[in-house]
Amino acid sequence: MDAALYIGIFLICIGSLFTFYKITQKPEYDLLRKHSFGKSHKLAVLTPAFWRNQDTAFRQASARLLTTSILYALGLPVTIWLYATLLALLELYSDGRL
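Per the numbering used here, residue 547 is the first one in the sequence shown, and the count goes up by one each step.
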């Protein structure tokens with residue numbers, strides 16, 4: 547079960563990074579990529595940029611990317627916790643203690 551836990555956590559992390567990369571490559575984020583501080587897609591850089599005075603299109607793209615980043619940052623630990631809980635329940639069920 548330990549190997550399944552580590553392999554599953556690894557696959558969850560790789561899958562999250564890959565899907566986040568695919569999301570940020572959409573054409574709606576081209577405006578952010580054109581600006582120098584949007585290339586890195588870092589949450590710490592995008593947050594102050596969002597609150598500055600800027601045009602509406604840039605603000606909307608920045609807000610979407612900021613929301614996606616926050617959801618991934620919060621969702622990854624929750625997903626790993628749920629996966630570990632599922633494996634623990636499966637182990638208890640297979641041993642007959644559940």
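The C-beta atom is built at its ideal place from N, Cα and C for all residues, glycine as well.
All values derive from a computational prediction rather than experimental measurement.
Mind checking residue i: buried by the 16 CB within 10 Å criterion, or exposed?
i	result
G584	Bear in mind that the predicted position of G584 carries a pLDDT of just 44, short of 50, making it unreliable; the figure below should be weighed with that in mind. Per the 10 Å Cβ criterion, buried.
A549	exposed
S608	buried
L611	buried
Taking 6 Å as the limit between beta carbons, can you name the residues of its chain near residue i, skipping five residues before and five after?
i	result
E637	M547
Among the residues of its own chain, which have a CB less than 7 Å from the CB of residue i, if the five just before and after it don't count?
i	result
L551	A630, L633
Hey, could you find the ends of the alpha helix (DSSP H) residue i is sitting in?
i	result
K580	576-580
Q606	602-641
Using beta-carbon positions only, say whether residue i and residue j come within less than 8 Å of one another.
i	j	result
T625	I558	yes
L577	A603	yes
By Cβ distance, which residues of its chain are closer than 8 Å to residue i, with the 5 residues on each side in sequence left out?
i	result
S562	Y618, G621, L622, T625
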